[in-house]
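**Student:**
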Amino acid sequence: MTKRRPAKDLFLPPKQKKFVPSKASEETIVRSAPNFLSPHRVNFDIGEQAILDKFNHLVLDAGIPLVISGYLEHPKWNPDLFTDEGTRKEFQRYASGKRIITVREEGKNGGDIKMPFDDFWKAIKTEGCPLYGKDLTCGAKWERALQSVLPPFFVYRGIGDLNKRSKGDDQKVSSVNMMVYIGTGGTSTAGHYDHGGAIGQNIMVGGQGSSLWFVFRPCDLEKVRELWRENGHEFDQASFCIPLSKLQDIDVDVFIIEQKIGDLIILPPMAPHQVLNRGGLTQKIAWNRITPYTLHHGIHELLPFYREICEPEQYKFKNSTQAALIDRVAMIKSVRSGSLNWYFGSESFCHEFLILARLFAFIIWSDSWSLGRIRGHPWVESVGEVEPPRVIIDKAPLDGSLALPYCRLCQCDIWNLHVQCNEGHGARQPYILCIDCYALGRGCLHRATSLISFHQLFPLEDAIKIYRSSAKAWNSCNKLKDVKGFLLLSLDWENEVIKNQLYTPVDIAFARYFILQPLRRKSYYCCGCHGRIFNTLPACCGQVFDKEKRTRTCKIRLCEQCLAKYHQISWAKVFVQSDAPFCCFKCLEYSSKPLPKKKALISYNENPQQDPHNRGSAMDDGFPSFFEFAKAGKKNGIEPGSIRGKQARLFALSPQEAKG
Numbered sequence: 001m002t003k004r005r006p007a008k009d010l011f012l013p014p015k016q017k018k019f020v021p022s023k024a025s026e027e028t029i030v031r032s033a034p035n036f037l038s039p040h041r042v043n044f045d046i047g048e049q050a051i052l053d054k055f056n057h058l059v060l061d062a063g064i065p066l067v068i069s070g071y072l073e074h075p076k077w078n079p080d081l082f083t084d085e086g087t088r089k090e091f092q093r094y095a096s097g098k099r100i101i102t103v104r105e106e107g108k109n110g111g112d113i114k115m116p117f118d119d120f121w122k123a124i125k126t127e128g129c130p131l132y133g134k135d136l137t138c139g140a141k142w143e144r145a146l147q148s149v150l151p152p153f154f155v156y157r158g159i160g161d162l163n164k165r166s167k168g169d170d171q172k173v174s175s176v177n178m179m180v181y182i183g184t185g186g187t188s189t190a191g192h193y194d195h196g197g198a199i200g201q202n203i204m205v206g207g208q209g210s211s212l213w214f215v216f217r218p219c220d221l222e223k224v225r226e227l228w229r230e231n232g233h234e235f236d237q238a239s240f241c242i243p244l245s246k247l248q249d250i251d252v253d254v255f256i257i258e259q260k261i262g263d264l265i266i267l268p269p270m271a272p273h274q275v276l277n278r279g280g281l282t283q284k285i286a287w288n289r290i291t292p293y294t295l296h297h298g299i300h301e302l303l304p305f306y307r308e309i310c311e312p313e314q315y316k317f318k319n320s321t322q323a324a325l326i327d328r329v330a331m332i333k334s335v336r337s338g339s340l341n342w343y344f345g346s347e348s349f350c351h352e353f354l355i356l357a358r359l360f361a362f363i364i365w366s367d368s369w370s371l372g373r374i375r376g377h378p379w380v381e382s383v384g385e386v387e388p389p390r391v392i393i394d395k396a397p398l399d400g401s402l403a404l405p406y407c408r409l410c411q412c413d414i415w416n417l418h419v420q421c422n423e424g425h426g427a428r429q430p431y432i433l434c435i436d437c438y439a440l441g442r443g444c445l446h447r448a449t450s451l452i453s454f455h456q457l458f459p460l461e462d463a464i465k466i467y468r469s470s471a472k473a474w475n476s477c478n479k480l481k482d483v484k485g486f487l488l489l490s491l492d493w494e495n496e497v498i499k500n501q502l503y504t505p506v507d508i509a510f511a512r513y514f515i516l517q518p519l520r521r522k523s524y525y526c527c528g529c530h531g532r533i534f535n536t537l538p539a540c541c542g543q544v545f546d547k548e549k550r551t552r553t554c555k556i557r558l559c560e561q562c563l564a565k566y567h568q569i570s571w572a573k574v575f576v577q578s579d580a581p582f583c584c585f586k587c588l589e590y591s592s593k594p595l596p597k598k599k600a601l602i603s604y605n606e607n608p609q610q611d612p613h614n615r616g617s618a619m620d621d622g623f624p625s626f627f628e629f630a631k632a633g634k635k636n637g638i639e640p641g642s643i644r645g646k647q648a649r650l651f652a653l654s655p656q657e658a659k660g
């Protein structure tokens with residue numbers, strides 16, 4: 001064994017029987033509580049169409065896990081591949097022959113350990129071994145073996161998966177997520193949901209033990225998060241397995257699944273679940289599939305959340321949408337010379353195409369801007385006449401052949417427009433920030449100066465051309481016009497966008513840039529924490545109240561962090577709702593509005609404090625804004641702009657200390 005690197009705290013009871021009775025079957029556990037339910041089970045031999053119907057009805061519509069059993073009896077199942085000898089041969093080729101894998105040591109001193117696979121394989125043969133081989137890359141031989149027995153729509157990167165290889169390099173748009181899990185009784189996978197809202201598949205291919213799954217409905221996700229908080233953990237950290245006793249008699253349905261060899265479990269998107277391995281060795285293969293429905297959910301719901309907790313998006317939602325739409329257009333063009341070669345039928349094809357086309361129109365809208373909208377805002381009008389900032393086009397190809405940049409702060413992938421700063425961030429690469437983070441008030445030290453610049457990977461007109469050509473191909477396909485669900489698409493992409501707000505993120509970012517320029521040489525003090533606000537725009541409540549015949553106009557200014565801390569609101573939201581401004585803590589004395597509900601603190605996946613270049617607001621107390629560590633540096637005789645000033649953030653004052 002080599003050096004260990006720290007891992008997230010994994011809760012595992014000292015004895016497995018404290019978690020769940022060691023000999024309890026699925027039926028016994030289900031009978032122990034009224035909220036425990038059995039999953040829907042079918043055998044693989046009922047036919048592909050019957051399985052597809054069950055999947056659509058149960059997994060997608062009802063949010064219920066589906067178990068397909070009996071693959072061990074499939075005529076094409078090759079048991080020799082998953083024996084001890086077959087597994088050792090498969091992983092001896094892993095990592096270019098180096099045979100070094102990363103495994104998790106569970107328990108009190110849990111951590112990730114790098115070790116040869118042979119050593120790991122010998123160790124897990126001993127009783128009570130705490131090692132768990134997680135996220136081991138699945139080899140091509142095992143992948144092909146599953147392709148020969150599974151229905152084609154469940155296959156990894158098959159016809160039912162948009163996470164496919166792109167031209168040039170399959171790692172630029174697609175994501176490798178077919179993984180092997182090898183563990184023994186007592187090892188576990190903490191509560192989580194599959195990343196990106198993907199559809200999860202997990203099949204047990206070998207071993208002598210079994211796995212107990214505890215699966216919740218996707219609609220109960222917030223209740224599950226609250227249940228984890230009641231037990232002192234954050235569900236989104238994926239660091240805690242909740243004991244069986246805590247799941248009994250709660251107001252949440254829990255599906256209990258005992259997985260054995262040959263059982264394929266299919267989970268609904270966003271379904272929370274945790275897994276406990278029992279008995280002897282268990283070998284499982286898991287993978288996720290992306291569909292137009294998961295892309296829609298990912299862009300509208302998950303991306304804002306990932307941006308908040310600084311978690312990489314992994315599946316590159318926007319690029320995957322673009323690639324999937326281009327593939328569908330090629331299929332439409334082939335229909336003119338023959339019939340539609342689509343496994344799921346013409347009606348399903350029409351429905352998915354409309355989802356992708358409208359989703360791509362929304363992506364274009366979120367990356368566009370209008371000077372007319374921006375100039376009409378009262379905050380921008382107070383600045384005077386404004387001109388659009390210069391946008392530099394880097395001319396990156398649209399086929400995904402180049403590596404995609406990602407936001408330095410929130411870690412999400414950048415589709416097109418972004419912000420760069422080349423000053424003082426190292427000669428190798430600039431500081432890159434997504435346009436959404438800049439609109440929220442995040443950035444580097446120079447975010448309010450002329451040192452930052454706006455960049456595009458390609459002209460937005462190129463993406464508009466893709467949409468228009470897709471709409472033309474769709475509207476001109478006569479063979480699809482009689483299909484149920486066929487609707488004509490407007491050639492004007494804006495007509496297909498369901499706008500959730502008046503301003504796009506780029507509108508807000510540009511407006512922020514316009515307002516910051518005349519204010520960058522001025523200094524203000526935050527009325528919430530009394531700290532000096534450097535290089536940022538203070539938000540003013542500005543409300544007018546009449547109490548006891550006395551008119552009061554609020555002139556309170558707040559930094560972005562105090563807006564988030566005391567009012568659970570971002571500067572961007574204040575900008576959008578300028579006609580109905582928020583009520584600050586002083587104005588609450590004059591108003592009948594209730595106090596804002598305190599939001600639970602957010603746990604970062606990738607803590608932005610680890611990068612000393614990051615500045616600005618975030619949504620919890622863990623990310624100090626610039627004035628805090630600048631004030632701490634001044635207190636110690638350190639200039640904020642110096643190298644030591646960058647390190648002064650480690651000694652930052654809290655807002656409570658700053659008040660004192």
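Sequence positions in the sequence shown follow full-length UniProt numbering and run 1 to 660. All residues carry an ideal CB built from backbone N, CA and C; glycine is no exception.
(1) For a test of the three-state rule: what should DSSP assign to Met1, helix, strand or coil?
(2) Assuming Leu66 contacts Gly196 under a Cβ cut-off of 8 Å, what Cβ separation, rounded to an integer in Å, is found between them?
(3) In this structure, does DSSP put Pro152 in helix, strand or coil?
(4) Answer yes if the region 304 to 313 comes into contact with the region 203 to 213, meaning at least three C-beta pairs across the two stretches below 8 Å, and no otherwise.
(5) Looking at Tyr503 and Arg373, is the spacing between their C-beta atoms short of 8 Å?
(6) In its own chain, which residues sit with a C-beta less than 6 Å from the C-beta of Gly298, not counting the 5 before and 5 after it?
(7) Apart from the five residues on each side of it in sequence, which residues of its chain come closer than 6 Å, Cβ to Cβ, to Tyr431?
(8) Output the distance between the C-alpha atoms of Ser32 and Asp251, rounded to the nearest integer angstrom.
(9) Assuming contact is defined by CB atoms lying nearer than 8 Å, are Ile515 and Val391 in contact in what I supplied?
(10) For Glu105, which residues does DSSP report across the bridge?
(11) Based on the DSSP output, what are the partners of Arg557 in its beta bridges?
(12) Does the pairing of the region 219 to 234 with the region 149 to 162 give three or more beta-carbon distances under 8 Å?
(13) Within a Cβ cutoff of 7 Å, which residues of the same chain sit near Asp135, ignoring the five residues on either side of it in sequence?
(14) So, with DSSP's three-state summary, where would you put Ala286?
(15) Quick check: what's the CA-CA separation for Pro75 versus Tyr343?
(16) Val205 to Arg88, Cα distance in whole Å?
(17) On the three-pair Cβ rule with 8 Å, is the region 566 to 577 touching the region 506 to 513?
(18) What is the residue span of the alpha helix (DSSP H) that Leu247 lies within?
(19) Less than 6 Å between C-beta atoms, sequence neighbours within five positions excluded: which residues of the same chain meet that for Tyr438?
(20) Can you tell me which of Leu264, Trp121, Ser348 puts its alpha carbon nearest to the alpha carbon of Gly485?
(21) Check whether the Cβ of Ser490 lies closer than 8 Å to any Cβ atom in chain B.
(22) Going by other Cβ atoms of all chains shown within 10 Å of its Cβ, with 16 needed for buried, is His455 buried or exposed?
(23) Do you know how far the Cα of Gln147 is from the Cα of Ala323?
(24) What is the DSSP secondary structure of Asp621, counted as helix, strand or coil?
(25) Run through DSSP, which three-state label would His613 get?
(26) For my contact list, Val483 and Cys350 are in at a C-beta cut-off of 8 Å; report their separation, rounded to the angstrom.
(27) What residues are listed by DSSP as bridge partners for Phe36?
(28) So, with DSSP's three-state summary, where would you put Arg229?
(29) Applying the criterion that 16 or more other CB atoms from any shown protein chain within 10 Å of the CB defines a buried residue, is Asn56 buried or exposed?
**Tutor:** This is what the structure holds:
(1) Within the sequence shown, residue 1 is the residue found at index 1, counting from 1. Any reading at Met1 must be qualified, since the residue scores a pLDDT of 38, below 50, and its modelled position is unreliable; the value itself is stated next. Of the three classes helix, strand and coil, the one that applies to Met1 here is coil, per DSSP.
(2) The residue given as residue 66 occupies position 66 in the sequence shown. The residue given as residue 196 occupies position 196 in the sequence shown. About 20 Å; that fails the 8 Å criterion.
(3) By 1-based counting over the sequence shown, the position of residue 152 is 152. If DSSP states are grouped into helix, strand and coil, Pro152 belongs with the helices.
(4) Touching, no, given that fewer than three Cβ pairs across the two stretches are closer than 8 Å.
(5) Translated into the one-based positions of the sequence shown, residue 373 becomes position 373. Translated into the one-based positions of the sequence shown, residue 503 becomes position 503. In this structure, Tyr503 lies closer than 8 Å to Arg373 by Cβ.
(6) Your numbering for residue 298 matches position 298 in the sequence shown. For Gly298, where only same-chain residues beyond five positions count, the Cβ hits under 6 Å are Gly196, Gly197, Phe317.
(7) As a first step, residue 431 must be located in the sequence shown, where it is residue number 431. Excluding positions up to five away in sequence, the list reads Arg408, Cys421, His425, Cys444, His613.
(8) As a working mapping, residue 32 is identified with position 32 in the sequence shown. As a working mapping, residue 251 is identified with position 251 in the sequence shown. Taking the straight line from one Cα to the other gives about 15 Å.
(9) Position 515 of the sequence shown, counted from the start, is the residue given in the question as residue 515. Position 391 of the sequence shown, counted from the start, is the residue given in the question as residue 391. In this structure, Val391 does not lie closer than 8 Å to Ile515 by Cβ.
(10) In the sequence shown, residue 105 corresponds to position 105, counting from 1. DSSP, once it has assigned bridges, lists Gly111, Leu131 as partnering Glu105.
(11) The sequence position of residue 557 within the sequence shown is 557, counting from 1. DSSP output for Arg557 lists Cys540 as bridge partner(s).
(12) no
(13) Numbered from its first residue, the sequence shown carries residue 135 at position 135. Counting only Cβ-Cβ distances below 7 Å, and skipping sequence neighbours, we find Met179.
(14) To locate residue 286, count along the sequence shown from 1; it is residue 286. In this structure, Ala286 counts as strand in the three-state DSSP scheme.
(15) Start at 1 with the first residue of the sequence shown, and residue 75 comes out as number 75. Start at 1 with the first residue of the sequence shown, and residue 343 comes out as number 343. Spanning the two alpha carbons is a distance of roughly 23 Å.
(16) Taking the first residue of the sequence shown as position 1, residue 205 is located at position 205. Taking the first residue of the sequence shown as position 1, residue 88 is located at position 88. In a straight line, the C-alpha of Val205 is about 14 Å away from that of Arg88.
(17) yes
(18) What you label residue 247 is simply residue 247 of the sequence shown in a count that begins at 1. 244 to 247 is the span of the alpha helix (DSSP H), which, as asked, contains Leu247.
(19) The count along the sequence shown starts at 1 and reaches residue 438 at position 438. So the qualifying residues of the chain are Val419, Ala509.
(20) As a first step, residue 485 must be located in the sequence shown, where it is residue number 485. It is Ser348 whose Cα lies nearest to the Cα of Gly485.
(21) Of the chains in the structure shown, none is chain B; there is only one protein chain.
(22) One-based indexing of the sequence shown puts residue 455 at position 455. Under this definition His455 is a buried residue.
(23) Counting from 1 along the sequence shown, the entry for residue 323 is found at position 323. Counting from 1 along the sequence shown, the entry for residue 147 is found at position 147. Roughly 23 Å between the two C-alpha positions.
(24) For this step, residue 621 is matched to residue 621 along the sequence shown. Reliability fails at Asp621, whose pLDDT of 39 lies under 50, so the model's placement of it is uncertain and the value that follows must be treated cautiously. For Asp621, the three-state secondary structure derived from DSSP is coil.
(25) Start at 1 with the first residue of the sequence shown, and residue 613 comes out as number 613. In the structure shown, His613 sits in coil (DSSP, three-state: anything other than H, G, I, E or B).
(26) Against the sequence shown, residue 483 aligns to sequence position 483. Against the sequence shown, residue 350 aligns to sequence position 350. Right, the Cβ-Cβ distance comes to about 5 Å (below 8 Å), so this counts as a contact.
(27) As a working note, residue 36 is residue 36 in the sequence shown. Val254, per the DSSP bridge assignment.
(28) The count along the sequence shown starts at 1 and reaches residue 229 at position 229. Correct three-state label for Arg229: helix.
(29) Taking the first residue of the sequence shown as position 1, residue 56 is located at position 56. Exposed: under 16 other Cβ atoms inside 10 Å.
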